[in-house]
Structure formats: C-alpha cells, structure tokens
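All remarks here apply to the structure that follows.
In my numbering, the protein residues as written are 2 to 390.
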C-alpha cells in the first residue's frame, strides 16, 4: 500500500488549484506581468507596517484573545458604522487567520458531513473545495450570461436547493465575473433563505470595489433583520494590500461567539497580536489608501477592457465590481492550454476559466488592480497575441 493510499479520501479529493497550476508554471520569469491571482501591486502601506513593528517592539508576541483583541473588534465595528451604516457592537466581530479561514470556520459551524451548500457559479474555487473537504457537498447554481452581462437566476438557485441544503454562499461583487447583486437580488436570496430555513454565508470582500454611483456595493446588511442567519466573511487582503498578512474577520450573531472562539482554539488558537495591531491601523487610518486602490482599479479596468474589446475578438464588459475582467477570446476553447500559451508568448499571466467551475470554462480571468501603466503594457501584449490568432 502506498503512502497516498493511507490518506483521508477527503484530502485526496482536494483539487489542485487551476490558478496555482499556471502560477507555478511561470513564476519568477523576467518581464512577467502577473494578472492571474487576486492581488494588487502595491505593498502594504507604512502606517500599517509601523503599527505591527511597534507591537513587536513592545513584546506583544504572546497568546491573545481568540476572538480578536478588543481594539480590533471595536475598530471593525467602527468601520462598519462608517461604511455600512450599522450600529453593531464589537461582540458581532471576530478576527481570524484570513478570509479563507473565515470560510472554513463558517462551514464548520453550520454544516455537517453529508449536508449540501449552494453557491453561485462561476465562482472562486476555494469555497467549493473547502466545503467538500469539510464533508459537505457543494452544489453550483449558475449565473446567466447574456450580451456580456452576468445575472442572478433565482429559479436556478431554487432548483439547486434540496432537503439536505444548509447554506447559500453568495459572493458579491463576484470573483471572477464582477457580477454585483442589486438590493433586489439580495432581498430575493434572503427571502429564499428564510423560506427554506437556510444560513447565508456572505462573502463581501469586494464591497468597496464598486464602480457604480454609490461608494460601495449593495450588502445583505442593507436588507437583513437582526434575527436573520447570515455569516459575513471578509479579509484585509484586498482593501489594504495585505494579502500576505493572512488576517480576516467574521461578522456573526453574538450568540454564536463561543462556538466561533472554540473553533478558532482548535485550529490556529488566534491571530498574532502584532498582526492584529496592523489591522487596527488599517481600519482606523486606511480609508484614504483604500480610496486610492479603488481609483487605481477603476482606471486600470477601463484601460484593459477597452483595449481587449477593441480587438473585436474578445467578449467582455467592464465589471460593475471586484477586481477582474472575465473575458472570452474568440477561437480559444481550451483556456487551461491557452493560459500556458499566453504566458509563454506574452509574459502576461491569466487564470484559466476552467478553474472557476460551471459556466466559466470558456473564459479567462485577469486581475486589474495594478498600476495603469503596467496594465497598458499587458493590454498591448494581449492585443498583439489575440490579433495573431
């Protein structure tokens, strides 16, 4: 018997990331423009680093509050008051070791082996994989796609729900499609969850990256009541250029706080205090930096999408939210192979649509949260490649 044969079937079934496969293939090449993963090109700003360094210098390197230090939980409550108009106390906020861990803890809290979770597809692949590893079954409900626009099809969501369904996972603005739920969409999904007795896991990590008239995307916080069963999962990664810090948060009913604390205890036993102090600075001092990131994303989105559609061989529209152009290139059916070919011939790294589940296979994803000058170079290279097809 091989060593692999002795491992858990759930672990063996965990899929290799179709995004990371391409990243590993080309990582470190000279002249590479990496648009394949969801991060920008700005380093963490100094005011955040300084807060973490000060904490280290003070010797804050011991075990700490597993729900998050009080200063961070209060900073989160204040942040939501400013940007979402809530009056939630700090007891509703929990610091965890990344947005990914927030999802894992939420799944552990709500689902049991054999349960089903419904998610909107195309989707960031990590949620479905995390659900399967936890023993639940991830069931896709495809968004509809017409004339370049993605839209919610509530009938497909209803059809995906069975007596085994425990949770709806809703990521809006969406990675990878840029689909952004309207307030009416959210109310309809919430009504369905109430009717069927389901939890909602709301991934609103891109809520601030919204290119409409409002300063943020619609949120379940705009339509929910205090008794609704919603877990909000989020991360410091995108807004404050902190992808490598691995810190996120959960917004949840205060009455399940002990359950969340227990799950943290038996996974990471909490987030390092000096990292949490950096996160406090991000929330308290970072609104201007986030605004700069959003404006950079808006400018680069326009540059990339306009250049690609000018070839008359690319189907994409400027997304309403998030950080991605989800594009379809005429004549490229195998996007996994195309991603390898594009990085070989252009030095531009794109993520293949095959990584994003049902409905996404014929598309490719490009993250545009980069300097507009770099995005212009990437767009020029891609234009040249596409015109030679």
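Here a beta-carbon is modelled for each residue, glycine too, at the ideal position from N, C-alpha and C.
Item to check | Contact check, residue 328 vs residue 317, beta carbons under 7 Å | outcome: yes
Next on the checklist: Alpha carbons only, please: which of 90, 230, 356, 378 is nearest the one belonging to residue 124?
Outcome noted: Selected option, being the one with the closest Cα: 356.
Checklist entry - What did DSSP end up calling residue 243 once you bin it into helix, strand or coil? => result DSSP places residue 243 in coil when its eight states are reduced to three.
Next on the checklist: Any beta carbon of chain D sitting closer than 7 Å to that of residue 389?
Outcome noted: No chain D is part of this structure, which consists of one protein chain only.
Item to check | Between the CA atoms of residue 275 and residue 53 - distance to the nearest angstrom | outcome: 5 Å
Next on the checklist: For the beta strand (DSSP E) containing residue 204, name the first residue and the last one.
Outcome noted: 200–204
Next on the checklist: Please give me, in chain order, every unbroken run of the alpha helix (DSSP H) with length at least 4 that falls completely inside the region 86–120.
Outcome noted: 100–111
Next on the checklist: Can you tell me where the beta strand (DSSP E) holding residue 249 begins and where it ends?
Outcome noted: 249–252
Next on the checklist: Assuming residue 179 and residue 325 are in contact, meaning their beta carbons sit under 8 Å apart, how far apart are those beta carbons, in whole angstroms?
Outcome noted: 6 Å
Checklist entry - Can you tell me the Cα-Cα spacing of residue 97 and residue 21, whole angstroms? => result 24 Å
Next on the checklist: Am I right that residue 242 and residue 43 are in contact with their C-beta atoms under 8 Å? What's the rounded C-beta distance?
Outcome noted: Residue 43 and residue 242 do touch by the CB rule: their CB atoms are close to 5 Å apart, below 8 Å.
Checklist entry - Using the beta-carbon count (16 or more within 10 Å), is residue 331 buried or exposed? => result exposed
Item to check | Own chain partners of residue 154 with C-beta closer than 8 Å, once the 5 adjacent residues on each side are dropped | outcome: 142, 143, 144, 145
Item to check | Which of helix, strand or coil DSSP assigns to residue 238 | outcome: coil
Next on the checklist: Helix, strand or coil for residue 35? Go by DSSP, reduced to three states.
Outcome noted: Here residue 35 sits in strand by DSSP.
Checklist entry - Given a threshold of 16 other Cβ atoms within 10 Å of its Cβ, counted over all protein chains shown, does residue 2 qualify as buried or as exposed? => result exposed
Checklist entry - Which residue's Cα is closest to the Cα of residue 259: 9, 69, 41? => result Ranking 9, 69, 41 by Cα distance to residue 259 puts 69 first.
Next on the checklist: Among 385, 390, 375, 389, whose alpha-carbon lies nearest the alpha-carbon of residue 32?
Outcome noted: 375
Checklist entry - What's the gap between the Cα of residue 345 and the Cα of residue 354? => result 18 Å
Item to check | Extent of the continuous beta strand (DSSP E) to which residue 17 belongs | outcome: Element bounds for residue 17: n/a, residue is neither H nor E.
Item to check | Spatial neighbours of residue 16 in its chain, beta-carbon cut-off 8 Å, leaving aside the 5 residues before and after | outcome: Within the same chain, and ignoring the five residues on either side of residue 16 in sequence, the residues whose Cβ sits closer than 8 Å to its Cβ are 126, 130.
Checklist entry - Tell me the DSSP bridge mates of residue 368? => result DSSP, once it has assigned bridges, lists 325 as partnering residue 368.
Checklist entry - When we look at the beta-carbon of residue 7 and count the other beta-carbons within 10 Å, is it buried (16 or more) or exposed? => result exposed
Next on the checklist: Does residue 264 come out as helix, strand or coil in the three-state DSSP assignment?
Outcome noted: helix
Next on the checklist: Rounding to the nearest angstrom, what Cα-Cα distance links residue 1 and residue 134 in this structure?
Outcome noted: Past the edges of the chain, shown from 2 to 390, lies residue 1, and the structure says nothing about it.
Checklist entry - What are the start and end residues of the alpha helix (DSSP H) that includes residue 282? => result 274–286
Checklist entry - The beta strand (DSSP E) spanning residue 61 covers which residue range? => result Where residue 61 is concerned, there is no enclosing beta strand (DSSP E), given that its DSSP letter is neither H nor E.
Next on the checklist: Would you call the region 76–91 in contact with the region 297–307, where contact means no fewer than 3 C-beta pairs closer than 8 Å?
Outcome noted: no
Item to check | Three-state secondary structure assigned by DSSP to residue 56 | outcome: helix
Next on the checklist: Our contact map puts residue 89 next to residue 76 with C-beta atoms below 8 Å; I'd like the distance itself, whole angstroms only.
Outcome noted: With a Cβ gap of about 13 Å, residue 89 and residue 76 do not count as contacting.
Item to check | Minimum length 4: unbroken alpha helix (DSSP H) runs contained in the region 121–199 | outcome: 126–134, 155–161, 184–197
Next on the checklist: Considering only DSSP beta bridges, list what residue 211 is partnered with.
Outcome noted: 322
Checklist entry - Does the distance from the C-beta atom of residue 221 to that of residue 187 stay below 7 Å? => result yes
Checklist entry - Would you report the Cα separation of residue 252 and residue 390, rounded to the nearest angstrom? => result Going from the Cα of residue 252 to the Cα of residue 390 covers about 48 Å.
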